[in-house]
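If you count the sequence shown from 1, position 62 lands on 62 in full-length UniProt numbering, and the numbers rise without skipping. I have placed the structure first, in the form of structure tokens, so that the comments after it can refer back to it.
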Amino acid sequence: MRRWLRALMPIPPSPAIPTACCCRCRKPMPPSRGTPPSTPGTRPSGSAPASTNRRRPPSRRRRAARRAPIPEARVRRSLRVMAAMCALVAVVVRAAPPPMDATTRAALKARIDAWEALTPQSRRDARAQMQSWLLLPPAQQAALRESAAAFAALGGEEQAALREKFDALPGEQQRGWRLGAALGPYYLRLHPLIAYVPEDERLPLLRVLQSMPPQELEVLGRVAFSTPPGQRDALRQALIRQPAPDRLRWLLTELDR
Numbered sequence: 001m002r003r004w005l006r007a008l009m010p011i012p013p014s015p016a017i018p019t020a021c022c023c024r025c026r027k028p029m030p031p032s033r034g035t036p037p038s039t040p041g042t043r044p045s046g047s048a049p050a051s052t053n054r055r056r057p058p059s060r061r062r063r064a065a066r067r068a069p070i071p072e073a074r075v076r077r078s079l080r081v082m083a084a085m086c087a088l089v090a091v092v093v094r095a096a097p098p099p100m101d102a103t104t105r106a107a108l109k110a111r112i113d114a115w116e117a118l119t120p121q122s123r124r125d126a127r128a129q130m131q132s133w134l135l136l137p138p139a140q141q142a143a144l145r146e147s148a149a150a151f152a153a154l155g156g157e158e159q160a161a162l163r164e165k166f167d168a169l170p171g172e173q174q175r176g177w178r179l180g181a182a183l184g185p186y187y188l189r190l191h192p193l194i195a196y197v198p199e200d201e202r203l204p205l206l207r208v209l210q211s212m213p214p215q216e217l218e219v220l221g222r223v224a225f226s227t228p229p230g231q232r233d234a235l236r237q238a239l240i241r242q243p244a245p246d247r248l249r250w251l252l253t254e255l256d257r
């Protein structure tokens, strides 16, 4: 009886054979191949990916260098460098100016305000005067300080009269007095020789002129006026090259030509 009932029951369709239904027939997916967890380069499903920023283990040479003691000479050299740096920092700290008090700050602010109130031409003149002052020999700087102290001790009317007298001088003569009291009286006679000087000859020429006594400056002024304009550059260069003991004899020779 059971066998007869089994023969009458319909056979269920196979999953690999499409059957007629209301939906689209889909081909079953092939079974996935499982990879054992012990295979390198794989991870179990659902786990986070392994980090790629792994640090490489140090090599044998690096491990040996870490274990090796630092040479004593290297330690001493490092200590000397650190001591020198500390000494330099201490010198810089000691050389730093002390903090200004209220009076000093007010005076500095007044000087800054006075400088900013000047015209561009006045600022250029002030810079030129400072540059001329820095080029003067120490002896002439000391003499000018004494003259400034004597000028400050004069009365207001006398100071005004001296300022008016200086302002009445030609511009070239005023610039000549910036070279110092030794060269100021001879500037107009030396002007043909020192009016246009190349940049690399200015300082050597100024040093030579400041070291010359009045007798040599007097002869040089006469030689400068008697020399043609095309030969003054050669005369100036020869003057710079002349030794101090032979300078007067050379000037007299040039004057006789």
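Just so you know, even glycine gets a beta-carbon here, dropped at the ideal spot from N, CA and C.
Contact between the stretch 127 to 143 and the stretch 170 to 182 is present, with at least three C-beta pairs closer than 8 angstroms.
By the criterion of at least three beta-carbon pairs nearer than 8 angstroms, the stretch 233 to 240 is in contact with the stretch 191 to 208. According to the DSSP assignment, Arg249 belongs to the alpha helix (DSSP H) that extends over Arg247 to Asp256.
Here Gly230 is exposed. Its C-beta has fewer than 16 other C-beta atoms within 10 Å. Taking each of Pro214, Ala168 and Val197 in turn and checking the Cα distance to Arg236, the smallest one comes out for Val197.
Put simply, of Arg232, Arg257, Thr104 and Ala117 the residue whose alpha carbon is nearest the alpha carbon of His191 is Arg232.
Rounded to the nearest whole angstrom, the CA to CA distance from Leu118 to Gly171 is 20 angstroms.
In this structure, Arg175 is the residue among Glu157, Ala102, Gln159 and Arg175 with its C-alpha nearest to the C-alpha of Met130. Sequence-distant Cβ neighbours of Glu254 in its own chain, meaning closer than 6 angstroms and more than five residues away, are Val223. Secondary structure at Ala148: helix, using DSSP grouped into helix, strand and coil. Counting only residues of its own chain and dropping the five nearest sequence neighbours on each side, Tyr187 has a CB closer than 6 angstroms to the CB of Gly176. In the structure shown, Gln131 falls within a helical segment according to DSSP collapsed to helix, strand and coil. Residue burial annotation: Met82 is exposed, with fewer than 16 other C-beta atoms found within 10 angstroms of its C-beta. Annotated as distal: Ala160 and Ser211, with beta-carbon spacing of 8 angstroms or more. In the assembly as shown, Gly156 is an exposed residue. Its beta-carbon has fewer than 16 other beta-carbons within 10 Å. For Val197, the secondary structure class from DSSP, reduced to helix, strand or coil, is coil. Counting along the chain, the unbroken alpha helix (DSSP H) around Pro214 starts and ends at Pro214 to Ser226. CA-CA distance, Ser78 to Ala90, rounds to 18 angstroms. Look at the stretch 76 to 127 and you find these whole runs of alpha helix (DSSP H), each 4 residues long or longer: 102 to 116.
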